[in-house]
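A.B. asks:
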Amino acid sequence: MDRKEKKTIQAKLDSFHSRKLWQDKIMKRIFQGSALLAALMIFFISYFVISRGIQPFLSSYGDEQQSLIAFISGNRWRPDIAPPVFGVGFIIINTLLTSLGAAVLSFPISVLTALFIAKIAPPKLRAVLTTIVELLAAIPSIVYGVFAAGTITGLVKDVGDIFGINTYGGNSMFAVIILLAIMIFPTITSLSVVAISAVDRSLELGSIALGASQMETNFKVVLTSAKSGIFAGLALGLGRAFGEATAVSMVAGNRMIGPTWNPFDITRTLTSTILSGMHETSPGLDYDMRFSVGIILLLVILATNFMIQVIKRKVGGVTHE
Amino acid sequence: MLAFKVENLNLWYEDNHALIDVSMDVPRNQVTALIGPSGCGKSTLLRCFNRMNDLIPKTKITGKILMKGDVEIRDPSVDVVKLRTDVGMVFQSPNPFPMSIFDNVAYGLRCQGIKDKKQLSATVERSLRQAALWDEVKDSLQRNALKLSGGQQQRLCIARAIALEPSVLLMDEPTSALDPIATAKIEDLMQSLKQMYTIVIVTHSMSQAARISDQTAFFLLGELIEAGPTAEIFQVPKDKRTEDYISGKFG
Chain H
407 MDRKEKKTIQ AKLDSFHSRK LWQDKIMKRI FQGSALLAAL MIFFISYFVI SRGIQPFLSS
467 YGDEQQSLIA FISGNRWRPD IAPPVFGVGF IIINTLLTSL GAAVLSFPIS VLTALFIAKI
527 APPKLRAVLT TIVELLAAIP SIVYGVFAAG TITGLVKDVG DIFGINTYGG NSMFAVIILL
587 AIMIFPTITS LSVVAISAVD RSLELGSIAL GASQMETNFK VVLTSAKSGI FAGLALGLGR
647 AFGEATAVSM VAGNRMIGPT WNPFDITRTL TSTILSGMHE TSPGLDYDMR FSVGIILLLV
707 ILATNFMIQV IKRKVGGVTH E
Chain R
7 MLAFKVENLN LWYEDNHALI DVSMDVPRNQ VTALIGPSGC GKSTLLRCFN RMNDLIPKTK
67 ITGKILMKGD VEIRDPSVDV VKLRTDVGMV FQSPNPFPMS IFDNVAYGLR CQGIKDKKQL
127 SATVERSLRQ AALWDEVKDS LQRNALKLSG GQQQRLCIAR AIALEPSVLL MDEPTSALDP
187 IATAKIEDLM QSLKQMYTIV IVTHSMSQAA RISDQTAFFL LGELIEAGPT AEIFQVPKDK
247 RTEDYISGKF G
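As structure tokens, then:
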């Protein structure tokens, strides 16, 4: 190879390398841009909801200005009377009751199902169960709503009849809890399966080599190791429970005064409040108040996620620094 | 005194004849090194001693492993959980549980139903001292074990195993994931541990086997080629294949 040839090869290599560097830079910008866009969306939506939702509480709103304290601590939601009363306090409590109730019902079942799918079931059954869980997650909420209105309410009514309790045809807090528990089951389960499957096999072997049984290993080591993913599933599941409007509205019964602690009584959630009568309303106070409820919903979800983080640190006995 | 007496042991993973007619003695309170190229069966034999091969489906074993003279460890009367508390194991890469240092060491005891706090604390301290880790962690027992360095994690795993006061400690290439300084610490540790425990170690490093072991067994393609005092195996090997492997002609 003479000198000239070497030079051309070197020049080609140089241009190839500089092109690669360029490509890296461009790709980096594209990734950054995508991330920024996602972050902006959250910011934009929050800003829009908040700026609209606080309007009724400002003096600039005029005669219909609402009291923030009365709104947050109120125990009546009567947009239908004059003047209308908007008290969201009892709705917050009833939302927490239904969503947390659903989580309490669904979480243990989901985690145990996930453990079974990931660790115990033979490969064929594992594949079948995984598909079923994925299908459950894919069912649209309106279908869950129809199912709940047609089946769960009937069930609740029957149970109520046994105890001699009037159940408004089955529309009740109990029905909402069962509906939400079913709806968040696939979310928690599929994230837990991923988390449990990702646990390093060497941890299990280490446990068994220390004289632990397979069950001790599963509960003490596998679940502890998968904790982060399992709680991420719980957070997402609770997010779905809090945010579910369509199906919930179909069985909640939309109570006007509260809170109610009776599971057989009708209830009202933040989402069903935003949704109910949305189509009949016109721009004005009733419309703006829906945004105010939206702010409350965002805050409730934020607070719940924070709570989950705290619980996550407490269980499993690991001290995080 | 023998810790194990292996007699005509054969092991198949499905059709793969992984151990062929292995017979050897593992003397008590000595370090026995199992050496040989990858896939020679040394780790398979190691996992026979605490019956970890039970976890691999379609494994067939014939022959005998006698413990403490006369107990066949695969006999139905042998409780495999008891066996594993008596034959501890340390793995290739450190595998501490994602728990505090204390909980890691106490794990085996708790699985044995021991809940007494005083007893647990005393055993945790004794085990960590024996594993030469106590001085480094005594003020941070509640720290997450995953925050320790690789070498510390491996010593924690040793502490975890000896917390159950086993008679034998199996080590499957315990230093292959560690740097030279951490390796030297573990090797020093093994010299003090063999006063109390019988140690069987699988190693890829011939210099490690020469440094730390009293007995060496050389495996090739599932067969035990030669076993004996380490000095003899390394200085006057009887078999040509042993000599070739030790001198680095293959490996």
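Chains H and R are the protein sequences, given in the same order.
Using our numbering, the final residue of the first sequence is 727, and nothing's skipped along the way.
Using our numbering, the final residue of the second sequence is 257, and nothing's skipped along the way.
For every residue, glycine included, the Cβ atom is placed at its ideal position computed from N, Cα and C.
Helix, strand or coil: how does DSSP classify H/GLY659 here?
C.D. replies: Three-state result, H/GLY659: strand.
A.B. asks: By Cβ distance below 6 Å, which residues in the same chain neighbour R/GLU249 in space, the five residues on each side in sequence not counted?
C.D. replies: The residues are PRO243.
A.B. asks: Are the C-beta of H/ALA509 and some C-beta of chain R separated by less than 8 Å?
C.D. replies: Not one chain R Cβ lies under 8 Å of H/ALA509.
A.B. asks: Name the residue from R/ARG166, R/THR50 and R/ALA151 whose alpha carbon lies nearest to the alpha carbon of H/SER613.
C.D. replies: R/ARG166
A.B. asks: Run down chain R in chain order and give the residues with a C-beta less than 8 Å from the C-beta of H/ASP606.
C.D. replies: Contacts between H/ASP606 and chain R, judged by CB atoms closer than 8 Å, involve ASN101 in chain order.
A.B. asks: Taking CB distances under 8 Å as the criterion, tell me whether R/PRO63 reaches chain H.
C.D. replies: no
A.B. asks: Report the rounded CA-to-CA distance for H/GLY468 versus H/LEU443, giving the unit in angstroms.
C.D. replies: 37 Å
A.B. asks: Using CA atoms only, rank isn't needed, just tell me which of R/GLY156, R/ASP178 and R/HIS210 is closest to R/LYS191.
C.D. replies: R/GLY156
A.B. asks: Please list the partners that H/LEU611 has in chain R, where partner means a Cβ-to-Cβ separation under 9 Å.
C.D. replies: MET58, LEU61, MET95, PHE97 and ASN101
A.B. asks: On the three-state DSSP scale, how would you describe R/GLU193?
C.D. replies: The three-state secondary structure of R/GLU193, taken from DSSP, is helix.
A.B. asks: Is there contact here, the segment 569–576 of chain H with the segment 491–505 of chain H, by at least three beta-carbon pairs under 8 Å?
C.D. replies: no
A.B. asks: Check whether chain R comes within 8 Å of H/LYS718, counting only Cβ atoms and requiring the distance to be less than that.
C.D. replies: No, because no Cβ of chain R sits closer than 8 Å to the Cβ of H/LYS718.
A.B. asks: When the Cα atoms are used, what is the spatial distance from R/PRO43 to R/HIS210?
C.D. replies: 7 Å
A.B. asks: Quick check on the DSSP output: the beta strand (DSSP E) that includes H/LYS413 runs from which residue to which?
C.D. replies: Looking at the DSSP string, H/LYS413 is not in any beta strand (DSSP E); the run it does join, the alpha helix (DSSP H), is 409–459.
A.B. asks: Does the beta-carbon distance from H/SER598 to H/SER516 come in below 8 Å?
C.D. replies: For H/SER598 and H/SER516, yes; Cβs fall inside 8 Å.
A.B. asks: Does R/PRO235 come out as helix, strand or coil in the three-state DSSP assignment?
C.D. replies: strand
A.B. asks: Pull the bridge partners of H/THR673 from the DSSP assignment, please.
C.D. replies: H/GLY659
A.B. asks: How should R/PHE256 be labelled, buried or exposed, when 16 other C-beta atoms within 10 angstroms of its C-beta is the threshold for buried?
C.D. replies: exposed
A.B. asks: Strictly under 8 Å for the Cβ-Cβ distance: is R/GLN118 near chain H by that measure?
C.D. replies: Cβ-Cβ to chain H under 8 Å: yes for R/GLN118.
A.B. asks: Checking 8 Å against the spacing of the C-beta atoms, do R/LEU89 and R/GLU13 come in under that value?
C.D. replies: no
A.B. asks: Which ranges would you report for the alpha helix (DSSP H) in the segment 136–222 of chain R if only whole runs of at least 4 residues count?
C.D. replies: 140–143, 156–168, 186–199 and 212–218
A.B. asks: Rounded to whole angstroms, what is the Cα-Cα separation between H/GLY359 and H/ARG482?
C.D. replies: Look at the range of chain H in this structure, 407 to 727, and you will see that residue 359 of chain H is not part of it.
A.B. asks: Would you report the Cα separation of R/GLY254 and R/ARG247, rounded to the nearest angstrom?
C.D. replies: Rounded to the nearest whole angstrom, the C-alpha separation of R/GLY254 and R/ARG247 is 11 Å.
A.B. asks: Output needed for R/ALA24: all residues of its chain with C-beta closer than 7 Å, excluding positions within five of it in sequence on either side, in chain order.
C.D. replies: LEU17, TRP18, GLY47, THR50 and GLY228
A.B. asks: Identify the residues that DSSP records as bridge partners of R/PHE6: which are they?
C.D. replies: Residue 6 of chain R cannot be examined here, being either before or after the span of chain R that is shown, 7 to 257.
A.B. asks: Could you round the C-beta distance between H/SER631 and H/LEU609 to whole angstroms and report it? I think they count as a contact, below 8 Å.
C.D. replies: 6 Å
A.B. asks: Assuming R/VAL206 and R/VAL86 make a contact with CB atoms under 8 Å, what is their CB distance in whole Å?
C.D. replies: Not a contact, Cβ separation roughly 18 Å.
A.B. asks: Since R/ILE252 and R/PHE240 are thought to touch, with beta carbons under 8 Å apart, how far apart are those beta carbons, to the nearest angstrom?
C.D. replies: Yes, they are in contact, since the Cβ atoms of R/ILE252 and R/PHE240 sit about 6 Å apart, within 8 Å.
A.B. asks: So, at 8 Å on beta carbons, what are the nonlocal neighbours of R/CYS45 in its own chain, with the 5 sequence-adjacent residues on each side left out?
C.D. replies: The sequence shown places Gly at residue 45 of chain R, rather than the Cys named in the question. Excluding the 5 residues flanking it on each side, R/GLY45 has same chain C-beta neighbours closer than 8 Å at LEU227, in chain order.
A.B. asks: Could you check the C-alpha separation between H/LYS720 and R/LEU15 for me, to the nearest Å?
C.D. replies: 48 Å
A.B. asks: Could you check the C-alpha separation between H/PHE580 and H/ALA509 for me, to the nearest Å?
C.D. replies: 13 Å
A.B. asks: If you run the structure through DSSP and keep just helix, strand and coil, what is R/SER106?
C.D. replies: If DSSP states are grouped into helix, strand and coil, R/SER106 belongs with the strands.
A.B. asks: Please list the terminal residues of the continuous alpha helix (DSSP H) segment that includes H/ILE584.
C.D. replies: 579–603
A.B. asks: Out of curiosity, what's the CA-to-CA distance linking H/ARG661 and H/ILE538?
C.D. replies: 35 Å
A.B. asks: On the three-pair Cβ rule with 8 Å, is the segment 62–81 of chain R touching the segment 109–121 of chain R?
C.D. replies: No, the segment 62–81 of chain R does not touch the segment 109–121 of chain R.
A.B. asks: Taking 6 Å as the limit between beta carbons, can you name the residues of its chain near H/GLU470, skipping five residues before and five after?
C.D. replies: LEU691
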